[in-house]
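In the working numbering, the protein residues as written are 1137 to 1439. Structure, as structure tokens:
Below you can see the structure in the form of structure tokens.
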């Protein structure tokens, strides 16, 4: 279930949580094994070997949460990005383990809990022995959304999520029962091409971005800031699959696409930005990372 962007709601029917700046995971424990899956239903169990001990919680349970890497107590998406790209050795994970911030339970001992209210599911979750797994943490809930929103702003965090107490869980749907309110603007985009650096044709100087809509992939601008790191360059080169022509619908601005090389529209990235122009372009986009956990069909405008 996904949150809908909106204004901060108020009233006794709402609970509030921190919006963790990480990677959404479903953790499925069954038959003595743990399977971790991303929003795109990709198996990412090998990316996070430190979560293998989730079997200690219950022999059969399905948890929803977000995996984060903390820096000074605040989630760092940039730090987590390296862990999202593929399997890591257990010793690497142990040197800097992630934290799985769990906020929902969808099945327990073979009984589905999707149709139960949030407060019922939350009560079930809180009765589990979550302390048995050191890298697992229960995402706290609060009743004062305004105070939590201000506290997360002061700490430089992403924002908060408001959840209706009586809300049921609807898998894969973007529900108004969960409302997200953020301090900074981010947008996931599909990469449709790139421009090489002027001084080095072997390096990527800018990515050409789009967002799917009813008419195809709509061009939303280019991003060059944040691409300089060698790890970023390597990850991008590994995933860009060159094609003969642009995948975007409609005409493209010559000034931004001159010298462009086109690619299959299959890679999703996340950018920060300062808003949208009247023409539907991102203002001052900054590359945040490749979203290997998302497929293009998960991308939509975050206005």
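In this text, a Cβ means the ideal position worked out from N, Cα and C, and glycines have one as well. Quantities reported herein were computed from a predicted structural model and do not represent experimental measurements.
Proximity of residue i and residue j at Cβ, strictly below 8 Å
{"i": "residue 1229", "j": "residue 1186", "result": "yes"}
{"i": "residue 1159", "j": "residue 1237", "result": "no"}
{"i": "residue 1334", "j": "residue 1328", "result": "no"}
{"i": "residue 1200", "j": "residue 1242", "result": "yes"}
{"i": "residue 1292", "j": "residue 1254", "result": "no"}
{"i": "residue 1240", "j": "residue 1266", "result": "no"}
{"i": "residue 1374", "j": "residue 1157", "result": "no"}
{"i": "residue 1101", "j": "residue 1435", "result": "Residue 1101 lies beyond the residue range present for the chain, which begins at 1137 and ends at 1439; the question has no answer from this structure."}
{"i": "residue 1162", "j": "residue 1206", "result": "no"}
{"i": "residue 1444", "j": "residue 1298", "result": "Since the first residue shown for the chain is 1137 and the last is 1439, residue 1444 is missing from the structure and cannot be characterised."}
{"i": "residue 1271", "j": "residue 1234", "result": "yes"}
{"i": "residue 1419", "j": "residue 1410", "result": "yes"}
{"i": "residue 1188", "j": "residue 1170", "result": "yes"}
{"i": "residue 1178", "j": "residue 1414", "result": "no"}
Alpha-carbon spacing of residue i relative to residue j, whole angstroms
{"i": "residue 1406", "j": "residue 1355", "result": "15 Å"}
{"i": "residue 1323", "j": "residue 1408", "result": "6 Å"}
{"i": "residue 1446", "j": "residue 1204", "result": "With the chain running from 1137 to 1439 in the structure shown, residue 1446 is simply not present."}
{"i": "residue 1326", "j": "residue 1223", "result": "23 Å"}
{"i": "residue 1251", "j": "residue 1257", "result": "9 Å"}
{"i": "residue 1196", "j": "residue 1316", "result": "30 Å"}
{"i": "residue 1296", "j": "residue 1175", "result": "19 Å"}
{"i": "residue 1379", "j": "residue 1437", "result": "25 Å"}
{"i": "residue 1173", "j": "residue 1180", "result": "6 Å"}
{"i": "residue 1307", "j": "residue 1165", "result": "18 Å"}
{"i": "residue 1275", "j": "residue 1142", "result": "21 Å"}
{"i": "residue 1310", "j": "residue 1352", "result": "21 Å"}
Whole-number beta carbon distance between residue j and residue i, since they are thought to touch under 8 Å
{"i": "residue 1314", "j": "residue 1137", "result": "6 Å"}
{"i": "residue 1344", "j": "residue 1396", "result": "6 Å"}
{"i": "residue 1421", "j": "residue 1346", "result": "Their Cβ separation, rounded to whole angstroms, is 12 Å, which puts residue 1421 and residue 1346 out of contact at 8 Å."}
{"i": "residue 1277", "j": "residue 1153", "result": "6 Å"}
Delimiting residues of the beta strand (DSSP E) encompassing residue i
{"i": "residue 1240", "result": "1235-1244"}
{"i": "residue 1213", "result": "No beta strand (DSSP E) holds residue 1213; the alpha helix (DSSP H) holding it covers 1213-1220."}
{"i": "residue 1283", "result": "Note, residue 1283: premise wrong, no beta strand (DSSP E); alpha helix (DSSP H) at 1281-1290."}
{"i": "residue 1408", "result": "1404-1409"}
Determine, using beta-carbon pairs with one atom in the region 1389-1405 and one in the region 1189-1198, whether at least three such pairs fall under 8 Å.
no
Does the pairing of the region 1270-1282 with the region 1206-1217 give three or more beta-carbon distances under 8 Å?
The region 1270-1282 makes no contact with the region 1206-1217, as fewer than three CB pairs between them are under 8 Å.
If contact is defined by three or more beta carbon pairs under 8 Å, each pair taking one atom from either stretch, is the region 1420-1428 in contact with the region 1357-1365?
yes
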